[in-house]
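Undergrad: One structure, pasted below without further comment.
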Amino acid sequence: MKGACAGGAEKTVEAAREILDLGGNAVDALVAACFATPVSEPVLTSLLGGGALIVRSAESGEVRVLDFFTNAPGIGGPPPDASLDFHTTAIDFGPARQSFQVGRGAAAVPGALPGLCSALERWGSLSLAEVIKPACRMLREGVAMAPLQAFAARVLAPIVMTSESSRRIYAPSGEILAEGETLAIPEVADALEDLSERGYARYHDEVLAPLLLAEFGVERGGRLTRADLDSYRVEVREPLVARYRDRTVYTNPPPALGGKMLTTMLRLLEGLDVDALGEHSTVEHTRVLAQAMRVADAARAAGALDGLQGEAGSLGKDAPLRQAGPWIEHFRALVNGNTRLDAAPDAPGGPGATTHISVVDSKGNAAGLTFSHGEGCGHVVPELGITMNNMMGEADLHPEGFHRVAPGTRLRTMMSPTLMIADDGTLTVLGSGGANRIRTALLQVISNLVDHRMDPDEAVQSPRVHFESGVLAVELDGRPFGDGGLTALGAPELTTFAEHNLFFGGVHMCRRRADGRLDGAGDRRRGGCFTITGGPVIHAVPSSPEALHLPGETVGVDNGSEP
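Per numbering that gives the first Met the number 0, the sequence shown starts with residue 0, numbered consecutively.
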């Protein structure tokens, strides 16, 4: 079947294209691409992580979200105590150092494997045995470490080098695999073939659950229990739906946070003629985007985004803001009054180890998956060759403190796989990694496509901004800001990046136009690649090797307040 795929690595999209060439549909191709990520994107995600998948069926026109993010562990187990293997590791991201909690006690209940199997069973057209073939070949033959993967492995080395089981795979010679060196994990291929032969239910009972308990159970310093694993459920949800000009936008609903934040910002921008503000990427354009981000954060803090638990479908013109009017008026007042960006600053976090894959096919099926393992907990299940997540050690997922989420609870995530359908039938699927920058990256790409009428590559590669907790982060990339233009916006702290940077996420998108033509783009910030069946893999090459680093220059800004 003809189709297109965008993702974070060449081998990721090649796996999808191979399945499309065999006649598979968009979901078949996406699942195949995911199974290739242990070697194509090894430190950005894992088959023992979690994710969110958005799917459109061409036959029914129905859009659904498959939620297989991670759960908090500990059902029927003891409360965490001093025996918990849960410790701090500091990672240097350039302009900031960020601490992560790793160890066996940082592992949450994984959902990726049951989620991918469920997606294939519900919407796929090929068998699991067929879909895993490209990945199994790559896992056994090995894949050369791409620049982004090698860089990420170096940055995360304090985590990757935690255990012998992890070092054996990612540092077989004693040093972390470098760019161009071959990574092969035949154990994962063996595990996938075993999974396809047994089926997920038997594989879970006979293989996966016993191995996870042996490595991450209470006796080893973890919190996983058999009740955690047996009670885990993949959830099919109706998407959060909002209108943005002539588009209908579908995205990840509660309990996830990202979709609510994204649709809130779109609702705020909808009242403005964004294209009339002037040239894209000017100081004024940056100010308006930052104010939308600021108001959405304030609405969230005030509880105005709450109350959507369990709700879905078309939420109306004002969704998802409760009592939206005052917030919209507040945003307009900030924009019209040329108000400064005054908020209490927090240090920006790291780039977020997450990836996204988008696929469309010629029939109009579409699938987009965002998935992650955090940074990994530093341990690999030896028999499987798969890295375990550290979602219980991600501070962003635990704002009230670690291990305070009730066992069995689905953790909240900023993952926002998104599908957009224009009134003329044009279908776009997109998503991003990047932790808290996911929502703002998607906001800007959607606005670029709709308001500025950019083509996919221009929309994805255009410079971005992110405003959060008083910190304004800006990709300069030659933009005409002028002397003092950005400091005049009044953000308490300004962090600038000379070029495109992985800090701002990695939006990978595919589009099927109303006339059936396919196009799309991978994001150069995160090794993005795009391919169409019958065509080459198009690499979105970073403008320079330094773009892989995080050399943001932090500038203190006088915001007019007293010290």
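All residues carry an ideal CB built from backbone N, CA and C; glycine is no exception.
On a predicted model such as this, the values are computed, not experimentally measured, just so you know.
1. Give the secondary structure of phenylalanine 529 by DSSP, where H, G and I count as helix, E and B as strand, and everything else as coil.
2. Should glycine 50 and threonine 338 be called a contact, given that it needs their Cβ atoms to be closer than 7 angstroms?
3. Quick one: using the 10 Å Cβ neighbour count with 16 as the cut-off for buried, is threonine 87 buried or exposed?
4. Take alanine 213 and list the residues in its own chain whose beta-carbon comes closer than 8 angstroms to its own, dropping the five residues that flank it on each side.
5. Using only the alpha-carbon positions, how far apart do arginine 242 and threonine 263 sit?
6. In chain order, which beta strand (DSSP E) runs of at least 3 residues are fully inside the segment 40-112?
7. First and last residue of the beta strand (DSSP E) that includes valine 359?
8. On the three-state DSSP scale, how would you describe alanine 5?
9. By alpha-carbon positions, which one of Val287, Cys4 and Leu43 ends up nearest to alanine 32?
10. Per DSSP, what are the beta-bridge partners of histidine 451 in this structure?
11. Using only the alpha-carbon positions, how far apart do alanine 28 and alanine 14 sit?
12. What residues in its chain sit with their C-beta under 7 angstroms from that of tyrosine 202, if we drop five residues either side in the sequence?
13. Given a cut-off of 7 angstroms on the beta-carbon distance, is the pair leucine 340 and alanine 289 in contact?
14. By DSSP's criteria, arginine 512 is part of a beta bridge. Which residues make up the other side?
15. For the segment 190-215, list the alpha helix (DSSP H) runs that are entirely contained and at least 4 residues long, ordered along the chain.
16. Could you compute how far the alpha carbon of glycine 581 sits from the alpha carbon of leucine 418?
17. Bridge partners of methionine 564, per DSSP?
18. According to DSSP, is alanine 32 part of a helix, a strand, or is it coil?
19. State the start and end residues of the unbroken beta strand (DSSP E) segment that holds phenylalanine 466.
20. Considering only DSSP beta bridges, list what methionine 387 is partnered with.
21. Taking the beta carbon of alanine 394 as the centre, do at least 16 other beta carbons fall within 10 Å, making it buried, or is it exposed?
22. If we call anything under 7 angstroms between Cβ atoms a contact, is proline 77 one with valine 108?
23. Pull the bridge partners of isoleucine 537 from the DSSP assignment, please.
24. Within the continuous alpha helix (DSSP H) that includes leucine 267, where are the two ends?
25. Quick one: what's alanine 472 bridged to in DSSP?
26. Using a Cβ distance threshold of 8 angstroms, determine whether the segment 509-519 contacts the segment 435-445, with at least three qualifying pairs required.
27. Please report the straight-line C-alpha distance between arginine 576 and glycine 102, rounded to a whole angstrom.
28. Mind checking whether alanine 156 and isoleucine 131 have CB atoms under 7 angstroms apart?
TA: Checking against the coordinates, here is how it stands:
1. It is a strand residue.
2. Going by beta carbons, glycine 50 and threonine 338 fall outside the 7 angstroms limit.
3. By the 10 Å Cβ count, threonine 87 comes out exposed.
4. Cβ contact annotation for alanine 213 (same chain, cutoff 8 angstroms, sequence separation greater than five): Arg219, in chain order.
5. Separation of arginine 242 and threonine 263 (C-alpha to C-alpha, rounded to the nearest whole angstrom) is 11 angstroms.
6. Counting whole runs of 3 or more residues, the segment 40-112 contains the beta strand (DSSP E) stretches 49-55, 62-67, 86-91 and 96-101.
7. Note, valine 359: beta strand (DSSP E), 353-360.
8. Alanine 5 sits in a strand when the DSSP states are folded into three classes.
9. In terms of CA proximity to alanine 32, Cys4 leads the group Val287, Cys4 and Leu43.
10. According to DSSP, histidine 451 bridges with nothing at all.
11. About 7 angstroms.
12. Once the five neighbours on either side are set aside, the close Cβ partners of tyrosine 202 are Asp193 and Leu194.
13. Contact: yes.
14. Bridge partners of arginine 512: none, in fact.
15. Counting only runs of 4 or more, we get 199-202 and 208-215.
16. The chain is shown only over 0 to 562; residue 581 falls outside these bounds and no answer can be derived.
17. The requested residue 564 does not occur in the structure, where the chain is confined to residues 0 to 562.
18. The answer is helix: DSSP assigns alanine 32 an H, G or I state.
19. In the DSSP assignment, phenylalanine 466 falls within the beta strand (DSSP E) that extends over 464-467.
20. Answer is Leu47.
21. Exposed, by the Cβ-count rule.
22. No Cβ-Cβ contact shorter than 7 angstroms links proline 77 with valine 108.
23. Looking at the DSSP output, isoleucine 537 shares a beta bridge with Phe529.
24. Looking at the DSSP string, the run of the alpha helix (DSSP H) that includes leucine 267 is 257-269.
25. Alanine 472 is bridged to His465 and Thr494.
26. Too few Cβ pairs lie closer than 8 angstroms, so no.
27. There is no way to answer for residue 576, as the model of the chain reaches only from 0 to 562.
28. It is not a contact, given that the beta carbons lie outside the stated cut-off.
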